[in-house]
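> Protein sequences, first through last, are from chains A and B. Taking our numbering, the leading residue of the first sequence gets 10, the next gets one more, and so forth. Taking our numbering, the leading residue of the second sequence gets 248, the next gets one more, and so forth. Glycine included, every Cβ here is placed at the ideal spot set by N, Cα and C. All values reported here derive from a predicted model rather than from experimental measurement.
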Amino acid sequence: PHFIIDVPLKEDALCFNINEDPGVVLNLIRDPSTGITVNGQLVGDKQSSNDAGPHNTYIGRLGILNTQLNMKLEITPEKITLQNGTKQMSFTWLDEVTLRHPGLTLKIIRKKSLEVSMGDGATFVVVLHQVWRKHATHGDFLGFYTIDSHKLSEYTHGLLGQFFHPIDFSILEVHPGSDPKKPDATMIVKNNQLTVTRGWQKDYTEDSKHGTNVPCWFIHNNGEGLIDGAYTDYVVSSLF
Amino acid sequence: IRNIKKRNAADANSDGIDIYSMKVDCKVTSRFSHNVIMSRAVNRANVSKEAFFDVELPKTAFITNFTMTIDGVTYSGTIKEKEAAQQQYQQAVAKGQTAGLVKASGRKTEKFSVSVNIAAASKVTFELTYEELLKRRFGKYELFLKVNPKQLVNHFEIDANIFEPQGISYLEAEGSFITNDLLPLIHKSFSGKKGHVSFKPTIDQQRSCQNCPTTQLNGDFLITYDVNRESPGDLQIVNGYFVHFFAPKNISRLSKNIIFIIDVSISMSGRKLQQTKDALLKILEDIKEDDYLNFVLFGDEVHKWKDTLIKATPENLDEARRYVQNIGIAGWTNLHGGLLTGIEMLNEAHKNGSLPERSASLIIMLTDGRPTKGERNTQIIISDVKNAIQGKYPLYNLGFGYDLDYASLERMAADNNGLARRIYEDSDSALQLQGFYDEVANPLLTEVELKYPENAISDLTQNHFKHYYDGSELVVAGRITDNDLNSIIAEVKAHGAEDNMTFTEQADVEGTAKGFEDQQYIFGDYIERLWAYLTIQQLLEKRNAAKGDEKANLTAQALELSLKYKFVTPLTSMIVTKPEDNEDKAALADKPLEAEASASPVVPSYSSPATSHMYTSVDGD
Numbered sequence: 010p011h012f013i014i015d016v017p018l019k020e021d022a023l024c025f026n027i028n029e030d031p032g033v034v035l036n037l038i039r040d041p042s043t044g045i046t047v048n049g050q051l052v053g054d055k056q057s058s059n060d061a062g063p064h065n066t067y068i069g070r071l072g073i074l075n076t077q078l079n080m081k082l083e084i085t086p087e088k089i090t091l092q093n094g095t096k097q098m099s100f101t102w103l104d105e106v107t108l109r110h111p112g113l114t115l116k117i118i119r120k121k122s123l124e125v126s127m128g129d130g131a132t133f134v135v136v137l138h139q140v141w142r143k144h145a146t147h148g149d150f151l152g153f154y155t156i157d158s159h160k161l162s163e164y165t166h167g168l169l170g171q172f173f174h175p176i177d178f179s180i181l182e183v184h185p186g187s188d189p190k191k192p193d194a195t196m197i198v199k200n201n202q203l204t205v206t207r208g209w210q211k212d213y214t215e216d217s218k219h220g221t222n223v224p225c226w227f228i229h230n231n232g233e234g235l236i237d238g239a240y241t242d243y244v245v246s247s248l249f
Numbered sequence: 248i249r250n251i252k253k254r255n256a257a258d259a260n261s262d263g264i265d266i267y268s269m270k271v272d273c274k275v276t277s278r279f280s281h282n283v284i285m286s287r288a289v290n291r292a293n294v295s296k297e298a299f300f301d302v303e304l305p306k307t308a309f310i311t312n313f314t315m316t317i318d319g320v321t322y323s324g325t326i327k328e329k330e331a332a333q334q335q336y337q338q339a340v341a342k343g344q345t346a347g348l349v350k351a352s353g354r355k356t357e358k359f360s361v362s363v364n365i366a367a368a369s370k371v372t373f374e375l376t377y378e379e380l381l382k383r384r385f386g387k388y389e390l391f392l393k394v395n396p397k398q399l400v401n402h403f404e405i406d407a408n409i410f411e412p413q414g415i416s417y418l419e420a421e422g423s424f425i426t427n428d429l430l431p432l433i434h435k436s437f438s439g440k441k442g443h444v445s446f447k448p449t450i451d452q453q454r455s456c457q458n459c460p461t462t463q464l465n466g467d468f469l470i471t472y473d474v475n476r477e478s479p480g481d482l483q484i485v486n487g488y489f490v491h492f493f494a495p496k497n498i499s500r501l502s503k504n505i506i507f508i509i510d511v512s513i514s515m516s517g518r519k520l521q522q523t524k525d526a527l528l529k530i531l532e533d534i535k536e537d538d539y540l541n542f543v544l545f546g547d548e549v550h551k552w553k554d555t556l557i558k559a560t561p562e563n564l565d566e567a568r569r570y571v572q573n574i575g576i577a578g579w580t581n582l583h584g585g586l587l588t589g590i591e592m593l594n595e596a597h598k599n600g601s602l603p604e605r606s607a608s609l610i611i612m613l614t615d616g617r618p619t620k621g622e623r624n625t626q627i628i629i630s631d632v633k634n635a636i637q638g639k640y641p642l643y644n645l646g647f648g649y650d651l652d653y654a655s656l657e658r659m660a661a662d663n664n665g666l667a668r669r670i671y672e673d674s675d676s677a678l679q680l681q682g683f684y685d686e687v688a689n690p691l692l693t694e695v696e697l698k699y700p701e702n703a704i705s706d707l708t709q710n711h712f713k714h715y716y717d718g719s720e721l722v723v724a725g726r727i728t729d730n731d732l733n734s735i736i737a738e739v740k741a742h743g744a745e746d747n748m749t750f751t752e753q754a755d756v757e758g759t760a761k762g763f764e765d766q767q768y769i770f771g772d773y774i775e776r777l778w779a780y781l782t783i784q785q786l787l788e789k790r791n792a793a794k795g796d797e798k799a800n801l802t803a804q805a806l807e808l809s810l811k812y813k814f815v816t817p818l819t820s821m822i823v824t825k826p827e828d829n830e831d832k833a834a835l836a837d838k839p840l841e842a843e844a845s846a847s848p849v850v851p852s853y854s855s856p857a858t859s860h861m862y863t864s865v866d867g868d
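(1) Distance, Cα to Cα, Ile38 of chain A vs Ile68 of chain A?
(2) Out of A:Ala131, A:Pro224, A:Ile180 and A:Val52, which one is the CA nearest neighbour of Cys24 of chain A?
(3) Do three or more CB pairs link the region 369-385 of chain B to the region 304-312 of chain B at distances below 8 Å?
(4) Exposed or buried, which one is Thr276 of chain B when buried takes at least 16 other CB atoms within 10 Å?
(5) List the residues of chain B that Gln202 of chain A touches, going by C-beta distances under 7 Å, in chain order.
(6) Take Asp212 of chain A and list the residues in its own chain whose beta-carbon comes closer than 7 Å to its own, dropping the five residues that flank it on each side.
(7) Which residue wins for smallest C-alpha separation from Leu161 of chain A, given the options A:Asp149, A:Pro175 and A:Gly148?
(8) Taking just the CA atoms, how far does Ser280 of chain B sit from Leu392 of chain B?
(9) Is it right to say Phe410 of chain B is buried, meaning 16 or more other beta carbons lie within 10 angstroms of its own, or is it exposed?
(10) Whole angstroms is fine: what's the gap from Thr241 of chain A's alpha carbon to Leu781 of chain B's?
(11) So the candidates are A:Val47, A:Asn231, A:Ser246 and A:Asn79; which of them puts its Cα closest to the Cα of Phe96 of chain A?
(12) Determine contact between the region 398-412 of chain B and the region 436-453 of chain B, defined as no fewer than three beta-carbon pairs at a distance below 8 Å.
(13) For His166 of chain A, which residues of its own chain have a beta-carbon under 6 Å away from its beta-carbon, when the five flanking residues on both sides are left out?
(14) Could you check which residue in A:Phe178, A:Leu74, A:Asp21 and A:Ser247 has the C-alpha nearest to that of Thr43 of chain A?
(15) Give every residue of the same chain whose Cβ lies closer than 7 Å to the Cβ of Pro31 of chain A, excluding the five residues on either side of it in the sequence, and list them in chain order.
(16) Alpha carbons only, please: which of B:Pro641, B:Lys387, B:Gly718 and B:Asp428 is nearest the one belonging to Tyr417 of chain B?
(17) Just checking my contact of Phe492 of chain B with Val722 of chain B at CB under 8 Å: how many whole Å lie between their CB atoms?
(18) Helix or strand or just coil, what does DSSP make of Phe424 of chain B?
(19) For the region 460-474 of chain B against the region 568-586 of chain B, do three or more pairs of beta-carbon atoms, one drawn from each stretch, fall closer than 8 Å, so that the two count as touching?
(20) Provide the residue(s) that pair with Glu738 of chain B in DSSP beta bridges, ordered along the chain.
(21) Bridge partners for Lys96 of chain A per DSSP, in chain order?
(22) Consult DSSP for Pro17 of chain A and reduce its assignment to one of helix, strand or coil.
(23) How is the beta strand (DSSP E) around Pro460 of chain B delimited, first residue to last?
(24) If you run the structure through DSSP and keep just helix, strand and coil, what is Lys598 of chain B?
(25) Which residue marks the beginning of the beta strand (DSSP E) containing Gln210 of chain A, and which one marks its end?
(26) So which residues on chain A does Trp552 of chain B lean against when the C-beta distance must stay under 9 Å?
(27) Once DSSP output is grouped into helix, strand and coil, what is the label at Ile538 of chain B?
(28) Find the nearest neighbour of Met285 of chain B within the set B:Thr316, B:Lys296 and B:Asn293, judged by alpha-carbon distance.
(29) Please state the DSSP three-state secondary structure of His229 of chain A.
(30) Could you tell me which uninterrupted alpha helix (DSSP H) segments, each at least 4 residues in length, are contained entirely in the region 541-583 of chain B, listed from first to last along the chain?
(31) Could you please tell me which residues of the region 294-324 of chain B, in chain order, have their CB closer than 9 Å to any CB of chain A?
(32) For Leu808 of chain B, which residues in the same chain have their Cβ closer than 8 Å to its Cβ, ignoring the five residues on either side in sequence?
(33) Cβ of Thr240 of chain A less than 8 Å from any chain B Cβ?
(34) Taking buried to mean at least 16 other C-beta atoms within 10 Å of its own C-beta, is Lys190 of chain A buried or exposed?
(35) Going by the CB atoms, is the gap between Ser499 of chain B and Lys535 of chain B shorter than 8 Å?
(36) Considering only the alpha carbon of each residue, which of A:Gly128, A:Ala131 and A:Gly152 lies closest to Lys121 of chain A?
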């Protein structure tokens, strides 16, 4: 999956890919203060069509946990399951639902996206990417977007969560890259010196079919140097 | 070494696929290794399951065969020209039935992976074969095997047989995962021309702890050996092909004149520069007093430590150490300026006779990036460097990290009798740098020319080498065209430390045949395959540096040989057809390239983002 990090201070964005095997669960957000955790499990293509390069993997399952509200939300391209204490509710992406619970609002836009807000915490948007059922290689997957991330605490971490705090970077030495359309540069970020590439990634919140190009500085090697530690530090054993 | 893997190693047997046998069978004859990895598995579940076969093999190896046998039916890989294979592959892609099989993995390896669905109670046997010419470094040959079965295996075995006509002088085997308990299970023996290594742990000995369901077999298994060197070389003839191994010993070392050209652009700051300094300081400890050296640093500007190469006296080395410790970062990457300054300095020193008459000159460049200052067009840089060096000294390019134009570094080094090497960004980068220096630290001969009777041979591999370094070996192979030829004489001419040297070596067909009598280790046409392997490798290297018709010719030659000898090289692919749900599906095994050719430079530019609103997010295209 590709990660897009909005850096409002710079009016710019950073992006990186995480290439891991299907089945691996990554911690995206962990806020010990609000008790909110978001994990995503990777899925691959139906067939691993290109072993010469990195495997294409996507977020295939999302788990949103709020320990304070004792609530779990599991989202897959097939269904949405909300567990509130001992109660469980299931929805499909064919449902058009607005659910208002104490501390939780869940809104499903049929076959397109869902929006979930938890208490005073941030709002998350999950985009459904549906692929033609008979597509040879690709399967359905999900996109995950955070809105109002400042509502999470300063202790928030995770592959996305660590970037909810202000982050600064400098770009030096912009020079031609291997792709004529994508120059390379040296980036100084978190006291690291990285070679980055100017590129684009898609934001699907507006147009869930075609997406909108977001220009960004691409950090190679699974975000190495940009993220705290290594991406493998964010691998967790299960969705919840 | 290989394994059929479960999706999750932790619950090794939970998915019902049981690997009951794995064998790695290596046969080495005269440095040429032929390796067969066989894995047998059974589906003990009552529904069909996917069995995985993952093998890591050395990057320098060529896959030659792969078969998959399911319930007695064998599906074999077919090696085809890449384009033809791709066409077949594309058709299969359109049907959603394909998978690439090989990808670059670690520093030394590439990974071959395949999976197949097998019915309940069915058995599958995977068998992969690859071949490799073992290269002598630091006085030894190394057979590298990656071991990672991911589950306990009833019959696990590594079995290596080595046959060296010169006689084996020592043999060692070790594994990164070998504990004190496993150590006695490595059996190694050698006598005369034969060496044998085996490792066969029982299922209990494989356990990572007592009663654990997980295996401790995970890591590198290395077999190292060397041969006796009673004469400077060894010439062998079998079935109309010959191979000549040349590695003389007891020769005085030449003094060397070495210029280190170091990238100090901003991207080198921090750990990279520190590791470079650490390595240079260590190298300075090892430099001999009769050597000459200098440093050229390039960032925005080019800085020379001294105007000329200076002798490595203790005082000068002290000063060099202080200089290295104070190296700082200096902006952009003026690679062209740095290289030409170093080359001109060496040219000037040779011209004015300030260097020892009998000495070896070499240039080592270390860079982590692409040129961003001065001349940035890599074609012009390559051409300027070649014109400046004019074949006089080898250029070794060390590429630090991944974000560089490694293909151009390779081409530049190949053009100038040197080679490119990657320095992987890791905690041991300084050791990697030192390791490379150690390889070229002791030149013994320069301008080494290996000659054979011209009218009796053809298709000779590279036979002129700029330098011969202690601990290495020069290998030349060729085809004998004279059917009546019973013997062959090789003459080697080279410049040594004291005078010019000539070595001769003679071999006769009967003599070689006698040497190989009763050797079960020999896999038939090994010299012919060794010749083909070496020829393909050299054609591919030349091809990297060639253009136009020359490139097309080299490609055609390398392709023809790859197909004839069934090697998966960068020009060929292996198509594996496998049964899935009663339909045949294709998969493709390619040789990953170390570096793709780079695009021509463009003026740097980038657009500002659309900032209407953005979210920190994770998604896929």
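On the basis of the coordinates in this document:
(1) If I take the Cα positions, the gap works out to 14 Å.
(2) A:Pro224
(3) yes
(4) buried
(5) Ile513, Ser514, Ser516 and Gly517
(6) The answer, listed in chain order, is Ile13, Gly220, Thr221 and Val223.
(7) A:Pro175
(8) So the alpha carbons of these two residues sit roughly 12 Å apart.
(9) buried
(10) A straight-line Cα-Cα distance of about 40 Å links Thr241 of chain A and Leu781 of chain B.
(11) At residue 96 of chain A the sequence reads Lys, which differs from the Phe that was named. Each of A:Val47, A:Asn231, A:Ser246 and A:Asn79 was checked against the Cα of Lys96 of chain A, and the nearest Cα belongs to A:Asn79.
(12) yes
(13) Arg39
(14) A:Leu74
(15) Same-chain partners within the cutoff: Leu51, Val52, Gly53 and Thr66.
(16) B:Lys387
(17) Rounded, the Cβ-Cβ distance is 6 Å, consistent with contact.
(18) coil
(19) no
(20) Paired residue(s): B:Lys698 and B:Thr751.
(21) In the DSSP output, where bridge partners are listed per residue, Lys96 of chain A has A:Asn93.
(22) helix
(23) Unbroken run through Pro460 of chain B: none, as it is neither H nor E.
(24) helix
(25) Gln210 of chain A -> beta strand (DSSP E) spans Asn201 to Asp212.
(26) Within chain A, no residue comes near Trp552 of chain B; the closest Cβ sits about 24 Å away, beyond 9 Å.
(27) A quick correction: the sequence has Asp, not Ile, at residue 538 of chain B. Coil, per DSSP.
(28) B:Thr316
(29) Correct three-state label for His229 of chain A: helix.
(30) Within the region 541-583 of chain B, the runs of alpha helix (DSSP H) that reach at least 4 residues and sit entirely inside it are, in chain order, 561-572.
(31) none
(32) Excluding sequence neighbours, Leu808 of chain B sits near Ala779, Thr782, Ile783, Leu786 and Phe814.
(33) The sequence shown places Tyr at residue 240 of chain A, not Thr. Chain B contact via Cβ: absent.
(34) exposed
(35) no
(36) A:Gly152
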